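Take a look at the structure set out below.
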Amino acid sequence: MSIVYLEDLVKYYGKTKALDGINLKIEEGDILGFIGPNGAGKTTTIRIILGLLRKTSGIARLYDQDTWHQAADMHQRLAYIPDDVYLWPNLSGGEVIDLFGKLRGGLNEKKLKTMLDRFQLDPTKKCRTYSKGNRQKVALVSAFSSNADLFIMDEPTTGLDPLMEAAFQESVQELKASGKTVLLSSHILAVVEKLCDKVSIIRQGKIVESGSMKQLRHLTRISIDVITEKKIEDLDQVPGTHDIVIDRDRTKFQVDSDKLQHALLYLTQFEVKSLTSQPPTLEELFMHHYNNSNQNETQTQSISGG
Ligand code: ATP
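Laid out in structure tokens, this is it:
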């Protein structure tokens with residue numbers, strides 16, 4: 000039995016077709032990255048899985064039960080982290096965490112202590128005083144302290160600073176080590192790449208790529224911005240390099256992640272003064288992938304344009 004099973008899932012909002020036949024399976028122990036550009040249908044898919052939204056047609060099952068008719072006790076087995084966390088303004092963070100804990104069939108007090116500490120959250124403050132990042136932390140602490148088996152996260156780190164992003168990653172690694180199942184929707188491919196074993200890419204309401212991280216690695220490129228003492232020559236001859244732009248002593252280019260080592264070694268002969276590298280954004284990958292494989296596809300143009 001798959002934990003989540005979606006087949007030909009279609010969702011219309013009035014005349015807008017948000018989901019156009021989604022097929023997706025999440026098995027026990029999967030850490031699945033769910034990625035795609037804005038408006039692709041990630042939140043809609045997640046809300047149908049959670050039973051918060053009704054599908055138009057197709058099959059949507061959670062733990063082998065129809066998501067819309069699922070029993071309420073199903074929610075004791077899952078923890079959901081929404082992208083925009085709404086909290087009761089007059090309750091303290093701690094009270095909200097307790098409340099979520101009760102809904103999810105109890106909290107692990109030891110984990111709760113660890114998580115409050117790790118996310119540096121003061122649970123005594125009223126929710127109305129929390130910043131967006133702190134509201135996000137309440138949701139994260141509450142989810143990671145639960146005994147849930149399935150974790151569904153929709154852009155869970157949007158308001159977090161890099162330290163907290165690291166705390167988040169550590170917590171997901173722990174879930175992974177303990178065999179929990181995670182659906183992680185995110186725009187940040189580097190995080191997905193680091194945490195997830197499998198990835199499904201959604202675009203315009205359809206899953207366009209699905210597979211293990213290894214299978215998808217051919218999509219990944221790293222952006223390099225380098226300043227050198229001597230002018231860089233013949234970089235285009237180095238395997239795996241793309242989109243080279245040279246402006247006096249500064250060179251920007253992209254390199255396939257498995258060719259990085261080779262490219263960096265090549266650069267050293269021109270005396271590197273500074274170098275920054277950056278994994279591509281998902282949108283960059285999308286544009287790259289679809290521009291190359293579907294040059295004439297008009298839908299691709301609209302993604303490139305937007
Ligand atoms: P993002 O990354 O921006 O959060 P997403 O992948 O989560 O996007 P959805 O929010 O699921 O995308 O939206 C899918 C499509 O459905 C979009 O075209 C969106 O405009 C539309 N949509 C979403 N919610 C509604 C709604 N309540 N009413 C009408 N259209 C909606």
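Just so we're aligned: 38 in numbering that gives the first Met the number 0 is position 39 of the sequence shown, and the numbers increase by one with no gaps anywhere.
Even glycine gets a Cβ: it sits at the ideal position worked out from N, Cα and C.
Because the structure is a prediction, the values reported are computed rather than measured.
According to DSSP, is residue i helix, strand or coil?
i	result
Tyr265	helix
Lys10	strand
Gln298	For Gln298, the predicted structure reports a pLDDT of 39, less than 50, and the residue's modelled location is therefore unreliable. A value from the coordinates is still provided. Reduced to three states, the DSSP call for Gln298 is helix.
Asp255	strand
Gln172	helix
Leu139	helix
Thr157	coil
Arg249	strand
Val84	coil
Ile231	coil
With a threshold of 6 Å, establish whether the CB of residue i neighbours any heavy atom of the ligand ATP.
i	result
Gly38	yes
Lys41	yes
Ala262	no
Ala189	no
Ala17	yes
Tyr311	Past the edges of the chain, shown from 0 to 305, lies residue 311, and the structure says nothing about it.
Look at residue i and residue j and say whether their C-beta atoms are less than 7 Å apart.
i	j	result
Val95	Val137	yes
Gln135	Gly158	yes
Gly35	Arg220	no
Ile30	Val181	yes
Leu61	Gln69	yes
Ile47	Lys54	yes
Ile45	Ile200	no
Thr227	Glu270	yes
Ser222	Gln277	yes
Val254	Thr275	no
May I ask you to list the residues that DSSP assigns as paired with residue i?
i	result
Leu23	Leu5
His68	According to DSSP, His68 bridges with nothing at all.
Lys205	Arg202
Leu106	Ser145
Lys16	Tyr11
Leu77	Leu149
Lys125	Ser91
Gly32	Leu183, Val198
Gln377	Absent from the structure is residue 377, since the part of the chain shown begins at 0 and ends at 305.
Below 8 Å, can you find three or more Cβ-Cβ pairs linking the segment 157 to 165 to the segment 9 to 28?
Because the criterion of three Cβ pairs below 8 Å is not met, the segment 157 to 165 and the segment 9 to 28 do not touch.
Cβ contact check for the segment 137 to 149 and the segment 104 to 123: 3 or more pairs under 8 Å:
Taking one beta carbon from each stretch, the segment 137 to 149 and the segment 104 to 123 have 3 or more pairs nearer than 8 Å; the two touch.
Is there contact between the segment 103 to 110 and the segment 123 to 130, where contact requires at least three CB pairs shorter than 8 Å?
no
Is there contact between the segment 34 to 49 and the segment 185 to 193, where contact requires at least three CB pairs shorter than 8 Å?
Enough Cβ pairs lie closer than 8 Å, so yes.
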